[in-house]
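Below is one structure; the comments refer to it alone.
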Amino acid sequence: MLVVMEHGAPAAAVERVVEVIEELGYEARPMPGAQRTAIGVVGNDGRVDASRLSALPGVAQIIHVTQPYKQVSREWRPESTIVTIAPGVSFGGVDVPVIAGPCSVESEAQILESARAVRDAGATALRGGAFKPRSSPYSFQGLGKRGLELLALARRETGLPIVTEAIDDEGAHLVAEVADCIQIGARNMQNYSLLKTVGRIGKPVLLKRGMAATITDLLLSAEYILAEGNDKVILCERGVRSFDPASRNMLDLTAIPTVHRLSHLPIVGDPSHGTGIREKVTPMARAALAAGADGLLVEMHPHPDKALSDGAQSLHPDELATLVDELRAVALAIGRRVTPAVGLVRVQPDNHSISGTQRAAAGTH
Ligand code: PEP
Ligand code: MN
Numbered sequence: 499m500l501v502v503m504e505h506g507a508p509a510a511a512v513e514r515v516v517e518v519i520e521e522l523g524y525e526a527r528p529m530p531g532a533q534r535t536a537i538g539v540v541g542n543d544g545r546v547d548a549s550r551l552s553a554l555p556g557v558a559q560i561i562h563v564t565q566p567y568k569q570v571s572r573e574w575r576p577e578s579t580i581v582t583i584a585p586g587v588s589f590g591g592v593d594v595p596v597i598a599g600p601c602s603v604e605s606e607a608q609i610l611e612s613a614r615a616v617r618d619a620g621a622t623a624l625r626g627g628a629f630k631p632r633s634s635p636y637s638f639q640g641l642g643k644r645g646l647e648l649l650a651l652a653r654r655e656t657g658l659p660i661v662t663e664a665i666d667d668e669g670a671h672l673v674a675e676v677a678d679c680i681q682i683g684a685r686n687m688q689n690y691s692l693l694k695t696v697g698r699i700g701k702p703v704l705l706k707r708g709m710a711a712t713i714t715d716l717l718l719s720a721e722y723i724l725a726e727g728n729d730k731v732i733l734c735e736r737g738v739r740s741f742d743p744a745s746r747n748m749l750d751l752t753a754i755p756t757v758h759r760l761s762h763l764p765i766v767g768d769p770s771h772g773t774g775i776r777e778k779v780t781p782m783a784r785a786a787l788a789a790g791a792d793g794l795l796v797e798m799h800p801h802p803d804k805a806l807s808d809g810a811q812s813l814h815p816d817e818l819a820t821l822v823d824e825l826r827a828v829a830l831a832i833g834r835r836v837t838p839a840v841g842l843v844r845v846q847p848d849n850h851s852i853s854g855t856q857r858a859a860a861g862t863h
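Quick look at the structure:
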């Protein structure tokens with residue numbers, strides 16, 4: 499439930515509402531907004547006596563959140579949430595960051611070569627798994643802590659922020675020491691203990707859709723993180739299992755506008771795991787951006803034929819550079835902008851400047 503205050507309601511009125519919510523035995527989450535302050539009622543079982551709250555001074559409206567997820571819903575927060583993972587790198591606004599890099603961190607030489615290629619291609623952030631959740635226990639499991647050290651080195655070399663995966667509670671704390679954004683992979687989307695842990699850690703989280711998860715399942719998983727007080731969550735569509743072996747997964751582009759309608763959280767598209775096949779990555783990356791994605795996650799390897807994981811879907815460095823150029827053009831057409839790599843902020847020509855109004859007109863949210 500949400501208690502919406504009148505425009506300009508005094509702080510004392512907000513405090514009184516908070517007190518009454520607490521007297522009723524619930525937790526109050528005040529959310530000052532541009533238009534009005536709303537106070538979320540957390541921990542209620544749906545049977546709150548709204549009459550005690552609606553009669554208080556300054557209360558404009560009581561909204562009963564109808565979705566099973568609460569804090570994640572657009573009913574709870576009408577404005578889109580912008581999640582910033584590093585200075586100048588935000589998801590959910592006009593800018594569209596491109597996170598690129600290898601599936602796994604394999605060696606110092608490999609990750610440094612990858613990071614330079616990502617930066618030179620004009621992408622925005624570096625990805626690479628140090629802890630790998632592999633379908634087979636006999637496949638490469640990642641370099642672990644050493645992989646994290648190498649990611650930190652790559653950030654020092656290039657300035658690129660780091661997105662890397664945590665696969666368990668213990669690892670999440672290690673990952674948090676290095677990552678600018680903690681990835682929760684498809685296989686762990688419903689690892690509720692891990693979701694609560696990253697919720698408590700409080701760093702930005704990239705939450706990938708499970709391979710057989712509905713959009714409601716995805717949003718309920720995000721709710722676990724927000725319920726711990728961390729609203730810095732970026733969702734990710736990475737394809738779902740389908741009956742058709744023509745591609746590894748079926749990238750569900752409808753998830754992007756659907757999530758935008760249901761939730762205030764940003765969503766990025768992952769055409770690499772979403773297709774599993776290199777030649778399909780570029781067209782699906784363009785399509786995800788055109789569908790309104792707030793960012794892209796793309797696998798690139800300096801030598802894909804030698805990759806220890808996901809080589810078949812990894813772009814070559816020159817393909818990533820071409821893709822980023824194309825994404826710039828797509829972004830421009832819909833009133834958005836690909837976030838430049840750190841230190842490479844390009845001045846846009848006047849007729850190419852982008853406004854929030856243009857973005858709204860493009861119907862991206
Ligand atoms: C990855 O990003 O390398 C990965 C393992 O992705 P997913 O969890 O979507 O399979
Ligand atoms: Mn991968």
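Note that my numbering has the sequence shown beginning at 499, numbered continuously upward.
Yeah, the Cβ is synthetic: ideal placement off N, Cα and C, and Gly gets one too.
Apart from sequence neighbours up to five positions away, the residues of its chain that approach GLN533 with a beta-carbon distance below 8 Å are HIS505, ordered along the chain. Close CB contacts of LEU718 within its chain, under the 6 Å cut and outside five residues either way in sequence, are with TYR567 (chain order). Within the DSSP secondary-structure output, THR582 pairs in a beta bridge with SER588. Residue environment analysis places TYR636 among the exposed positions, since fewer than 16 neighbouring C-beta atoms fall within 10 angstroms of its C-beta. Per DSSP, the beta-bridge partners of SER602 are GLY627. Note that the C-beta distance between SER761 and ARG572 is below 8 Å. Closer than 7 Å to some heavy atom of the ligand PEP: that does not describe the Cβ of ASP667. Pairing PRO838 with GLY620 gives a Cβ-Cβ distance under 8 Å. ALA613 is positioned such that its CB atom lies no closer than 8 Å to that of PRO659. Contact between MET499 and ILE580 does not hold, since the beta-carbon distance rounds to 25 Å and is not under 8 Å. Looking at ARG746, LEU724, LEU825 and VAL757, the one whose alpha-carbon comes closest to that of GLU735 is VAL757.
The stretch 627–643 makes contact with the stretch 793–810, as at least three CB pairs between them are under 8 Å. Scanning GLN608, ARG707 and ALA628 for the CA closest to the CA of LEU733 turns up ARG707. In this structure, ASP768 has its beta carbon less than 7 Å from a heavy atom of the ligand PEP. With fewer than 16 neighbouring CB atoms inside 10 Å of its own CB, PHE741 falls in the exposed class. Each residue's CA atom was taken as its position, placing GLY599 and LEU813 some 9 Å apart. In this structure, the ligand MN has a non-hydrogen atom nearer than 7 Å to the beta-carbon of GLU797.
Counting only residues of its own chain and dropping the five nearest sequence neighbours on each side, GLY669 has a CB closer than 6 Å to the CB of PHE629. In this model, ARG654 and ALA558 are separated by some 50 Å (Cα to Cα). Out of VAL779, GLY833, GLU663 and LEU672, the CA that lies nearest to the CA of ASN686 is found in GLU663. As the crow flies, the alpha-carbon of ASP666 is around 13 Å from that of GLY697. Between GLY538 and ARG527, the gap from beta carbon to beta carbon is short of 8 Å.
In the DSSP assignment, VAL696 falls within the unbroken alpha helix (DSSP H) covering 690–699.
The three-state secondary structure of GLY538, taken from DSSP, is strand. Residue environment for ARG550: exposed (fewer than 16 other C-beta atoms within 10 angstroms of its C-beta).
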